[in-house]
Amino acid sequence: MTSEKIGQSIRHKLFEAIIRKDVNFYDNIRTGDLLSRLGSDTQIVQDGLTTNVSMFVRSLCILVGTIVILFTYNWILALIIIGCILPSVISSRITAGMLNTFSVRYQKSKGEMSNIATESISNIRTVKAFADEQDSSLKFAIASQEVFEYGRSKGYFWALFFLSFRTLQFLADVAIIYTISRLYDYFDLTIGEVTAILLYTRTIMNNAGAITNNIQAVAKVFGSSYEIALLIVTPNKVVFEGTKQPVDVPDSGSIQLENIEFAYPSKGDVKVLNGVNIEVQKNQVVALVGHSGCGKSSIISLIERFYDPIEGRLLFSGEDIKDLDNTWYHQ
């Protein structure tokens with residue numbers, strides 16, 4: 100139940116953030132990437148937060164608590180034991196960061212693959228019309244191979260780390276047992292105390308191992324949650340903060356473009372409109388005529404406020420459309 104509630108909340112917040120993005124956002128991202136974030140990435144975070152992350156946190160708490168008990172029991176032995184297991188802990192920390200990087204790349208490549216499939220299937224008539232089946236299949240195969248390469252690299256890295264961690268863990272066990280045997284007489288330890296220290300040590304090692312086992316899953320959660328958070332927090336270039344609704348203005352419905360300069364954000368160095376002035380009164384019919392690329396569609400996009408101009412103002416009923424309530428204006 101908790102897992103489903105978390106998944107529902109993430110999906111809702113993510114979709115709400117996506118649907119409220121401006122048009123420029125959709126110019127720079129593919130549909131497949133968004134579907135991947137809403138689908139597989141959300142599922143990874145949902146599963147990870149309710150199982151792997153909780154296990155990770157539990158093991159970490161037990162590990163820290165056991166170390167504290169060891170310090171209160173005998174701080175010298177505690178330092179020696181920590182020194183023995185420190186190499187494996189450091190290697191785990193380094194590995195977590197690297198696995199996170201692998202996971203981010205892996206999820207991005209899966210999004211790219213999903214995007215190619217979505218575009219090809221949703222535009223199947225166009226694909227058929229140009230006999231582009233072979234090219235579409237090749238593009239998907241290349242994207243699928245990239246997913247495989249990232250997955251294989253992640254698997255090799257994980258296997259190598261797990262082998263080295265277990266080796267370090269075994270060596271730490273040997274070093275700890277040897278050290279305790281050498282210090283048995285020095286600290287005047289009893290058999291019960293030695294047994295307690297070994298049990299504490301085993302608890303530390305077991306939970307360190309559990310943390311390691313969950314590192315890959317936690318890294319996947321962080322990789323997916325990073326992509327989701329990036330979509331949610333990325334600000335719009337077109338900010339809808341206006342509140343005016345000039346319904347009582349006499350010339351309500353007139354449109355004016357004053358010295359408009361505009362370039363698409365994705366092609367900022369290419370100006371589409373430069374110093375354009377147009378005035379259209381209410382109930383007046385105006386035709387925009389010109390060759391392809393001269394800015395006809397761009398003017399309509401500005402009127403609909405899909406984008407904001409670089410310079411100049413666009414007025415509706417004498418009010419700058421930036422000051423108008425966006426919902427009211429579009430209705």
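Position 83 (the sequence shown) corresponds to 182 in this note's numbering; numbering is contiguous.
Think of the CB as a built atom: it goes at the ideal place given N, C-alpha and C, for glycine as much as any other residue.
| query | result |
| --- | --- |
| With distances taken between CB atoms, is the gap from Ala177 to Ile184 smaller than 8 Å? | no |
| Just list the alpha helix (DSSP H) runs in the stretch 210–283, keeping only unbroken ones of 4 residues or longer that don't cross its boundaries, in chain order. | 223–228, 232–282 |
| Mind reading off the beta-carbon distance from Asn306 to Ile161? Whole number of angstroms is fine, and I expect it under 8 Å. | 5 Å |
| With a 10 Å radius around its C-beta and 16 neighbouring C-beta atoms as the bar for buried, classify Asp287 as buried or exposed. | exposed |
| Could you pull the start and end residues of the alpha helix (DSSP H) that Gln145 belongs to? | 141–146 |
| Within a Cβ cutoff of 6 Å, which residues of the same chain sit near Asn222, ignoring the five residues on either side of it in sequence? | none |
| So the alpha helix (DSSP H) Ile399 belongs to, where does it begin and stop? | 395–402 |
| State the beta-bridge partners of Glu419 as determined by DSSP. | It is Asp, not Glu, that sits at residue 419 in the sequence shown. Asp419 is bridged to Leu414. |
| Find the nearest neighbour of Phe114 within the set Val337, Glu357, Leu356, Leu329, judged by alpha-carbon distance. | Leu329 |
| What residue does the alpha helix (DSSP H) around Ala359 start on, and which one ends it? | Reading the sequence as shown, one finds Ile at residue 359 and not Ala. From DSSP, Ile359 is part of no alpha helix (DSSP H) but of the beta strand (DSSP E) over 354–361. |
| To which residues does DSSP link Val375 through a beta bridge? | Ile359 |
| Which same chain residues, not among the five before or five after Ser365, have their C-beta less than 8 Å away from its C-beta? | Asn123, Asp126, Asn127 |
| On the criterion of 16 or more Cβ atoms from any shown chain inside 10 Å, does Gly131 qualify as buried, or is it exposed? | buried |
| Which word fits Asn313, buried or exposed, when buried means at least 16 other C-beta atoms lie within 10 angstroms of its C-beta? | buried |
| Report the option in Thr300, Phe261, Gly138 whose CA atom is closest to the CA atom of Thr278. | Thr300 |
| What number of angstroms, rounded off, separates the C-alpha of Ala295 from the C-alpha of Ser280? | 14 Å |
| What residue does the alpha helix (DSSP H) around Asn151 start on, and which one ends it? | Element bounds for Asn151: n/a, residue is neither H nor E. |
| When DSSP builds the beta bridges, which residues end up paired with Lys343? | Leu423 |
| Given a cut-off of 8 Å on the beta-carbon distance, is the pair Ser267 and Ser158 in contact? | For clarity, residue 267 is Leu in the given sequence; the question names Ser instead. Contact flag unset, no. |
| Output yes or no for whether 8 Å exceeds the beta carbon distance between Lys343 and Asp424. | yes |
| What does a CB cutoff of less than 7 Å around Ser243 pick up in its chain, not counting 5 residues either side in sequence? | Met212 |
| Assign Tyr406 to one of three DSSP states: helix, strand, or coil. | coil |
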